[in-house]
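Enquirer: Got a structure here, written out as structure tokens. Questions coming.
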Amino acid sequence: MNPLILSMILMTLMMGTMMTMLSSNWLLAWMGLEMNMLAMIPILTMNSSPRSTEAATKYFLTQATASMLLMLAIMINFMLSGQWSIAKLPNMTVSSMTLAALMMKLGLAPFHFWVPEVTQGTNLTSGMILLTWQKLAPLSILYQIIPSIDITILTISGLLSILVGGWGGLNQTQLRKILAYSSIAHMGWMLIIMPYNSSLTILNLLIYILMTLSIFMILMNNHSTSTSSLSLLWNKTPTMMILLMVTLLSLGGLPPLSGFMPKWLIVYELTKNDSIILPMSMAMFALLNLYFYMRLIYSSSLTMFPSVNNMKMKWQFTNQNYLTLLPPLIILSTLILPLTPTLSILE
Numbered sequence: 001m002n003p004l005i006l007s008m009i010l011m012t013l014m015m016g017t018m019m020t021m022l023s024s025n026w027l028l029a030w031m032g033l034e035m036n037m038l039a040m041i042p043i044l045t046m047n048s049s050p051r052s053t054e055a056a057t058k059y060f061l062t063q064a065t066a067s068m069l070l071m072l073a074i075m076i077n078f079m080l081s082g083q084w085s086i087a088k089l090p091n092m093t094v095s096s097m098t099l100a101a102l103m104m105k106l107g108l109a110p111f112h113f114w115v116p117e118v119t120q121g122t123n124l125t126s127g128m129i130l131l132t133w134q135k136l137a138p139l140s141i142l143y144q145i146i147p148s149i150d151i152t153i154l155t156i157s158g159l160l161s162i163l164v165g166g167w168g169g170l171n172q173t174q175l176r177k178i179l180a181y182s183s184i185a186h187m188g189w190m191l192i193i194m195p196y197n198s199s200l201t202i203l204n205l206l207i208y209i210l211m212t213l214s215i216f217m218i219l220m221n222n223h224s225t226s227t228s229s230l231s232l233l234w235n236k237t238p239t240m241m242i243l244l245m246v247t248l249l250s251l252g253g254l255p256p257l258s259g260f261m262p263k264w265l266i267v268y269e270l271t272k273n274d275s276i277i278l279p280m281s282m283a284m285f286a287l288l289n290l291y292f293y294m295r296l297i298y299s300s301s302l303t304m305f306p307s308v309n310n311m312k313m314k315w316q317f318t319n320q321n322y323l324t325l326l327p328p329l330i331i332l333s334t335l336i337l338p339l340t341p342t343l344s345i346l347e
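In structure tokens form, the structure reads like this:
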């Protein structure tokens, strides 16, 4: 793609997200979401192929349906309240329609089916943007209207998302699909805690984005898209293999890594609110995710070929692209658990 066109598309993507995040008017927020969606389509089709075209079509149809539903909710809200400002929604119907539209945009269960398919149909860079940056705008709207949303619907959808995110990734061999299901599960955790403590949603989102960026950068550096190509990593770049292994463990939420922090704080917050069965179910469903992360770790670092590579010439050359952002991202993705007391005070 032409660098000038690409920079314009990325600028539109960023402007759309920032417009939605900073606006207090429903129409401006909706326009930001539309700019975001339309800028994302050429990014998905960056490498022109039938798979990427299909992925972009699925993405457009889902997002356009969600936008239409959101606009309908905005119009009904204007008819009932006479104002365009994003405030407490006056009607249960309006809040339910808005929630359904935002759940479709975020890819939460039961509207999650498009996320793995679209992520699998694109290249790693587009998948990375889809699973990180594209979550910001809808979550910012949900953050503002959370007092009007029915907590039961949120809890059921969040639990379903955690279950689907774990269950769906069990039988996958494609890394992009695995990361897509991981995204669905993490969104479920964020959705459940939002009515109780919105600050924890933001903390979970930031740590999730850091971990996902780290994993995608390692995969892009090694051009790995499946578990079979990942099994060559130990022989080619052992350091990258160790970094990937630690980041995957962090994504699974194991102590003493950074990914444990949001899960720990969320479970603590829910138990403080006299909820015992809900956090216990969430922790049990999260074990499904941990299983397929462990399977990835097993295929990449704990399997060895029958013979060692003692050839003078390697059949696969080492990638010379030095990723400047990867070391700080890895550190933030794995080693910030000791900062938990400080972050809990900031809440």
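Per the UniProt record's numbering: the sequence shown = residues 1 to 347. In this text, a Cβ means the ideal position worked out from N, Cα and C, and glycines have one as well. Computed from a prediction, not measured in an experiment: that's the story for all the values here.
(1) Output needed for THR227: all residues of its chain with C-beta closer than 6 Å, excluding positions within five of it in sequence on either side, in chain order.
(2) Identify the residues that DSSP records as bridge partners of SER226: which are they?
(3) Restricting to Cα atoms, I'd like to know which of SER214, LEU233, LEU213 is closest to ASN222.
(4) Could you give the uninterrupted runs of the alpha helix (DSSP H) lying entirely in the segment 230-258, keeping only those of 4 residues or more?
(5) Can you tell me the Cα-Cα spacing of THR20 and GLY165, whole angstroms?
(6) To the nearest angstrom, how far is it from the Cα of LEU278 to the Cα of ASN123?
(7) By Cβ distance below 7 Å, which residues in the same chain neighbour THR271 in space, the five residues on each side in sequence not counted?
(8) Please state the DSSP three-state secondary structure of ASN123.
(9) Could you tell me which residues DSSP pairs with ASN25 in its beta bridges?
(10) State the CB to CB distance for the pair MET241 and SER301, rounded to an integer number of angstroms; the pair is presumed to be in contact (CB under 8 Å).
(11) Quick one: what does DSSP say LYS312 is sitting in, helix, strand or coil?
(12) Find out if the Cβ-Cβ distance for the pair PRO42, ILE74 is shorter than 8 Å.
(13) Short of 6 Å in beta carbon distance, which residues of its chain neighbour SER290, apart from the five on each side in sequence? Order them along the chain.
(14) So for PRO328, helix, strand or coil by DSSP?
(15) Could you round the C-beta distance between VAL118 and TYR59 to whole angstroms and report it? I think they count as a contact, below 8 Å.
(16) Quick one: using the 10 Å Cβ neighbour count with 16 as the cut-off for buried, is MET1 buried or exposed?
(17) Rounded to whole angstroms, what is the Cα-Cα separation between GLY82 and ILE76?
(18) Rounded to whole angstroms, what's the CA-CA distance from LEU339 to SER67? Just pull it up for me.
(19) Who are the Cβ neighbours of LEU175 in its own chain at under 8 Å, not counting the five residues just before and after it?
(20) Suppose contacts are defined by Cβ-Cβ distances below 8 Å. Is LEU191 in contact with SER157 by that definition?
(21) Answer yes or no: do ILE330 and LEU243 have a C-beta to C-beta separation smaller than 8 Å?
(22) Hey, could you find the ends of the alpha helix (DSSP H) ILE288 is sitting in?
(23) Count the C-beta pairs between the segment 93-106 and the segment 140-150 that are closer than 8 Å, then say yes if the count reaches three, no if not.
(24) Entirely within the segment 28-91 and at least 4 residues each: give me those alpha helix (DSSP H) ranges in chain order.
(25) If you reduce the DSSP assignment to three classes, tell me which class HIS186 lands in.
(26) I need the boundaries of the alpha helix (DSSP H) containing PRO262, first residue and last residue.
(27) Given a cut-off of 8 Å on the beta-carbon distance, is the pair LEU13 and ASN36 in contact?
(28) Give the straight-line distance between the Cα atoms of LEU142 and MET194, rounded to the nearest whole angstrom.
Expert: Judging by the given coordinates:
(1) Counting from one through the sequence shown, the residue named residue 227 turns up at place 227. Same-chain partners within the cutoff: THR173, SER299.
(2) Residue mapping note: residue 226 aligns to position 226 of the sequence shown, counting from 1. For SER226, which the question treats as bridged, DSSP gives the partners GLN174.
(3) Sequence index remark: in the sequence shown, residue 222 carries index 222 (1-based). The candidate whose alpha carbon is nearest that of ASN222 is LEU233.
(4) Uninterrupted alpha helix (DSSP H) stretches at least 4 residues long and entirely within the segment 230-258 occur at 233-236, 238-252, given in chain order.
(5) The residue you call residue 20 lines up with position 20 of the sequence shown. The residue you call residue 165 lines up with position 165 of the sequence shown. The straight-line gap from Cα to Cα measures roughly 27 Å.
(6) Residue numbering aside, residue 278 sits at position 278 when the sequence shown is read from its first letter. Residue numbering aside, residue 123 sits at position 123 when the sequence shown is read from its first letter. Each residue's Cα considered, the two are about 36 Å apart.
(7) Looking up residue 271 in the sequence shown gives position 271. Excluding sequence neighbours, THR271 sits near PRO279.
(8) In the sequence shown, the residue the question calls residue 123 occupies position 123. DSSP places ASN123 in coil when its eight states are reduced to three.
(9) Taking the sequence shown and counting its residues from 1, the one referred to as residue 25 is at position 25. According to DSSP, ASN25 bridges with SER85.
(10) Your numbering for residue 241 matches position 241 in the sequence shown. Your numbering for residue 301 matches position 301 in the sequence shown. Between MET241 and SER301, the beta carbon gap of about 5 Å places them in contact (Cβ cut-off 8 Å).
(11) Here the question's residue 312 lines up with position 312 in the sequence shown. Its pLDDT being 48, under 50, LYS312 is placed unreliably by the model, and nothing is read from it.
(12) What you label residue 42 is simply residue 42 of the sequence shown in a count that begins at 1. What you label residue 74 is simply residue 74 of the sequence shown in a count that begins at 1. Cβ atoms of PRO42 and ILE74: not closer than 8 Å.
(13) Numbered from its first residue, the sequence shown carries residue 290 at position 290. It should be noted that the sequence gives Leu, not Ser, for residue 290. Apart from the 5 residues on each side of it in sequence, LEU290 sits with its Cβ closer than 6 Å to the Cβ of GLY252 in its chain, given in chain order.
(14) Counting from 1 along the sequence shown, the entry for residue 328 is found at position 328. Note: PRO328 maps to helix in three-state DSSP.
(15) Within the sequence shown, numbered from 1, the residue matching residue 118 stands at position 118. Within the sequence shown, numbered from 1, the residue matching residue 59 stands at position 59. Contact holds; Cβ gap of about 5 Å.
(16) In the sequence shown, counting from the first residue as 1, residue 1 sits at position 1. So MET1 ends up on the exposed side.
(17) Position 82 of the sequence shown holds residue 82. Position 76 of the sequence shown holds residue 76. Taking the straight line joining both Cα atoms gives about 10 Å.
(18) For this step, residue 339 is matched to residue 339 along the sequence shown. For this step, residue 67 is matched to residue 67 along the sequence shown. Using only the alpha carbons, I get a separation of about 39 Å.
(19) On the sequence shown, residue 175 is found 175 positions in, with the first residue counted as 1. Within the same chain, Cβ atoms closer than 8 Å to the Cβ of LEU175 are found at LEU219, SER224, THR225, SER226, THR227, LEU230, LEU296, the five residues on either side in sequence being excluded.
(20) Counting from one through the sequence shown, the residue named residue 191 turns up at place 191. Counting from one through the sequence shown, the residue named residue 157 turns up at place 157. Taking 8 Å as the Cβ cut-off, LEU191 and SER157 qualify as a contacting pair.
(21) As a first step, residue 330 must be located in the sequence shown, where it is residue number 330. As a first step, residue 243 must be located in the sequence shown, where it is residue number 243. It is a contact, given that the beta carbons lie within the stated cut-off.
(22) For the purposes of this step, residue 288 is taken as the residue at position 288 of the sequence shown. According to the sequence displayed, residue 288 carries Leu and not Ile. Note, LEU288: alpha helix (DSSP H), 277-301.
(23) Here the segment 93-106 lies against the segment 140-150, with 3 or more beta-carbon pairs under 8 Å apart.
(24) With a minimum length of 4 residues, the continuous alpha helix (DSSP H) runs that stay inside the segment 28-91 are 50-81.
(25) Against the sequence shown, residue 186 aligns to sequence position 186. Of the three classes helix, strand and coil, the one that applies to HIS186 here is helix, per DSSP.
(26) Along the sequence shown, one-based indexing puts residue 262 at 262. Segment 260-272, the alpha helix (DSSP H) holding PRO262.
(27) For the purposes of this step, residue 13 is taken as residue 13 along the sequence shown, with counting starting at 1. For the purposes of this step, residue 36 is taken as residue 36 along the sequence shown, with counting starting at 1. In contact: LEU13 and ASN36 (Cβ atoms closer than 8 Å).
(28) One-based indexing of the sequence shown puts residue 142 at position 142. One-based indexing of the sequence shown puts residue 194 at position 194. Cα atoms of LEU142 and MET194: separation of roughly 9 Å, rounded to the nearest angstrom.
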